[in-house]
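**Q**
Residue numbers (this note's numbering): 64 to 182.
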């Protein structure tokens, strides 16, 4: 049996399921891993480089695509709540969306100024 070693820079976790004598291992990416992948930045070795700054910018369409991937694992009923969760991940990483501050976009969603399509 071969063992798979994750990269030290990966931000994913695995799910291990047992059924009788069979096991199933799947890798489930986190929201931060999907956001950093969408930024299309080069990989950094977090052991050598500390306090990495992500200065990139994404569009709102990319945020909605990430939210649709994360929707089944989210505790929120509608997609706008999941988009706000992903925007919170952008805040923690330090990136912008459509050249705007992500906290402002979250407030626009709460106020109803920015409509998120439900499909």
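C-beta: ideal position from N, C-alpha, C; glycine also. Only a predicted model underlies this, so the values are computations on that prediction, with no experimental measurement involved.
Short of 6 angstroms in beta carbon distance, which residues of its chain neighbour residue 105, apart from the five on each side in sequence? Order them along the chain.
**A** Mapped onto the chain shown, residue 105 falls at position 42. Once the five neighbours on either side are set aside, residue 105 has no close Cβ partner at all.
**Q** From residue 120 to residue 97, what does the alpha carbon distance come to, in whole angstroms?
**A** To locate residue 120, count along the chain shown from 1; it is residue 57. To locate residue 97, count along the chain shown from 1; it is residue 34. Roughly 14 angstroms between the two C-alpha positions.
**Q** What is the DSSP secondary structure of residue 80, reduced to helix, strand or coil?
**A** In the chain shown, the residue the question calls residue 80 occupies position 17. Residue state, collapsed to three classes: strand.
**Q** Could you say which of 135, 150, 113, 89 lies nearest to residue 172 if we only look at CA atoms?
**A** Within the chain shown, the letter at position 109 stands for residue 172. Cα-wise, what sits closest to residue 172 is 150.
**Q** Measure the beta-carbon distance from residue 38 to residue 95 and round it to whole angstroms, keeping in mind my assumption that it falls under 8 angstroms.
**A** Residue 38 lies beyond the stretch modelled for the chain, which goes from 64 to 182, so this question has no answer here.
**Q** Excluding the five sequence neighbours on either side, which residues of its own chain have a C-beta within less than 7 angstroms of the C-beta of residue 126, listed in chain order?
**A** For this step, residue 126 is matched to residue 63 along the chain shown. Contacts found: 146, 149, 150, 160.
**Q** Assuming the contact rule is C-beta atoms closer than 8 angstroms, residue 166 and residue 154 should be a hit. Round their C-beta distance to whole Å, please.
**A** Working through the chain shown from its first residue, we reach residue 166 at position 103. Working through the chain shown from its first residue, we reach residue 154 at position 91. Contact holds; Cβ gap of about 6 angstroms.
**Q** Roughly how many whole angstroms lie between the Cα atoms of residue 169 and residue 114?
**A** On the chain shown, position 106 is the one that residue 169 refers to. On the chain shown, position 51 is the one that residue 114 refers to. The alpha-carbon atoms of residue 169 and residue 114 are separated by roughly 25 angstroms.
**Q** Check whether the Cβ atoms of residue 62 and residue 78 sit closer than 8 angstroms, and answer yes or no.
**A** Residue 62 cannot be examined here, being either before or after the span of the chain that is shown, 64 to 182.
**Q** Pick from 181, 122, 163: whose alpha carbon is nearest that of residue 184?
**A** There is no way to answer for residue 184, as the model of the chain reaches only from 64 to 182.
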